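First up is the structure itself, then whatever we jot down about it.
Residue numbers (our numbering): 77 to 186.
Okay, here's the thing in structure tokens:
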């Protein structure tokens with residue numbers, strides 16, 4: 077578990093540089109295209125709509141998601157990465173079994 081926490085922490089720590097290095101408009105457009113309902117196979121479109129329904133979203137969730145992606149900017153993404161790094165909202169780790177006594181129940185404070 078400690079190694080997993082270390083890997084997660086290392087990945088989150090690299091996010092600002094990954095954001096700065098990315099061609100954000102190109103990446104956002106490519107991701108938005110994956111949610112274009114007319115280009116999805118029927119089963120995948122149905123799965124996407126079902127998942128949106130389960131999450132409490134309206135039927136136009138794919139279009140809403142595409143709009144949000146088109147408004148994504150580097151500054152906002154860097155601010156979000158900083159919030160993850162500093163654990164602004166806290167961290168919650170979900171597991172499929174109880175933690176062992178050897179594993180701390182919370183991540184170290186940063």
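For glycine and all other residues, C-beta sits at the position ideal for the given N, C-alpha and C.
Since the model is a prediction, treat every value here as computed from it, not as a measurement.
Test item: CB-CB of residue i and residue j under 7 Å
i, j, result
"residue 161", "residue 88", "yes"
"residue 145", "residue 108", "yes"
"residue 138", "residue 117", "no"
"residue 111", "residue 79", "no"
"residue 104", "residue 148", "yes"
Rounded C-alpha distance that separates residue i from residue j
i, j, result
"residue 150", "residue 90", "15 Å"
"residue 122", "residue 171", "29 Å"
"residue 164", "residue 92", "16 Å"
"residue 102", "residue 157", "19 Å"
"residue 135", "residue 96", "34 Å"
"residue 186", "residue 169", "With a pLDDT of 46 at residue 186, under the threshold of 50, the modelled position of that residue is not reliable, and the figure given next carries that caveat. For residue 186 and residue 169, the distance between alpha carbons rounds to 16 Å."
"residue 140", "residue 94", "25 Å"
"residue 106", "residue 81", "30 Å"
"residue 100", "residue 155", "15 Å"
Entirely enclosed alpha helix (DSSP H) segments - the stretch 131-177, minimum 4 residues: 137-146 and 150-161
In chain order, each alpha helix (DSSP H) run of at least 4 residues that lies wholly inside the stretch 97-135: 100-109 and 118-130
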